[in-house]
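For reference, the structure discussed in these notes is given below.
Structure (C-alpha cells):
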C-alpha cells in the first residue's frame, strides 16, 4: 500500500519573508502571491515563524475605532507587541511547527488538528525550508478517482496483504465510499480488512457486508 507523503502534496515554490521585512512589504507579498500566510526564515533558510493575515490584522484591530462606536480592545502584552510591530520578526507567530517530507497525511493532519494551525512549513534534515503544506493540500487525497481506490483495495489490500482470492470479496467505490461484499474463512479477518481499507488514501467511509465460515473468536485459549 502506498500512502501519499507530504513531499508529494506540498507546495515547493514557497513564498517566504525575511526577519526584517517591513509591515507594508509583508502585506504586498501576501496580496501579490494570493496567499494568506508566509513562513519567515533566517539567513540559513530555517523557518523561525509564520506571518499570517491574522497577525497583520492586529495592526488595525488594536487601534481605536475612528467612529467611536467600538471601544479600544484590551490586549495582552504579546498582542500589544504584535499590534505595534513593524517587521516580520515582531509580527510572526512562534514557535513554528514544521513537517518532514516523508510524513504521511495522517501525521501532518493530526499535528494541524491538535495544534490548531492551517499550514506547516516542510523542512529537510538540516531544518532548511523545502515547501509548505496546507489543509487544502492534505484534502487533495480525497480527489482520487474511485477506480484508483477500488484497484488499490482489491490488489494491494485484499490480494497482496490479506491473501484473498479476488472472487471472495468484491469492492465497490462511489465518491470515496467503499462497499465490501463476500465471504472469508475466519471472522477475525473482517475487522482487519475494514481497518486496512479505511487507511487507503481517499477513502471516505467503509461499509462491509462480509460473512465468515469459521468463528475463530470463540476458540478456547491454549493451555
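In the numbering used here, the protein residues as written are 641 to 863. Cβ atoms here follow ideal geometry from the backbone N, Cα and C, with glycine treated the same way. All values reported here derive from a predicted model rather than from experimental measurement.
What's the gap between the Cα of residue i and the Cα of residue j?
| i | j | result |
| --- | --- | --- |
| residue 657 | residue 843 | 37 Å |
| residue 780 | residue 692 | 22 Å |
| residue 670 | residue 827 | 55 Å |
| residue 829 | residue 837 | 12 Å |
| residue 698 | residue 733 | 12 Å |
| residue 644 | residue 747 | 11 Å |
| residue 646 | residue 804 | 31 Å |
| residue 820 | residue 855 | 19 Å |
| residue 832 | residue 824 | 12 Å |
| residue 807 | residue 794 | 10 Å |
Thinking C-alpha only, which one of the options is nearest residue i?
| i | options | result |
| --- | --- | --- |
| residue 665 | 728, 753, 829, 742 | 728 |
| residue 689 | 778, 759, 782 | 759 |
State the start and end residues of the unbroken beta strand (DSSP E) segment that holds residue i.
| i | result |
| --- | --- |
| residue 668 | Residue 668 -> not in any beta strand (DSSP E); alpha helix (DSSP H) instead, spanning 663-673. |
| residue 850 | 845-854 |
| residue 821 | 817-826 |
Could you pull the DSSP bridge partners for residue i from this structure?
| i | result |
| --- | --- |
| residue 772 | 651, 761 |
| residue 692 | 677 |
| residue 733 | 690 |
| residue 739 | 762 |
| residue 657 | 680 |
Can you name the start and end residues of the alpha helix (DSSP H) that residue i belongs to?
| i | result |
| --- | --- |
| residue 810 | It is not in any alpha helix (DSSP H) - residue 810 instead sits in the beta strand (DSSP E) that spans 809-814. |
| residue 806 | Counting along the chain, residue 806 falls outside any alpha helix (DSSP H), and DSSP gives it neither H nor E. |
| residue 752 | 745-755 |
Check whether the Cβ of residue i sits closer than 6 Å to any heavy atom of the ligand NAD, and report yes or no.
| i | result |
| --- | --- |
| residue 823 | In the structure shown, the ligand NAD is absent, as is every other ligand, since no ligand is present at all. |
message = Does the contact criterion of 3 or more C-beta pairs under 8 Å hold for the stretch 782-790 versus the stretch 805-818?
response = yes
query = Can at least three beta-carbon pairs, one atom from the stretch 769-780 and one from the stretch 792-803, be found at a separation below 8 Å?
reply = no
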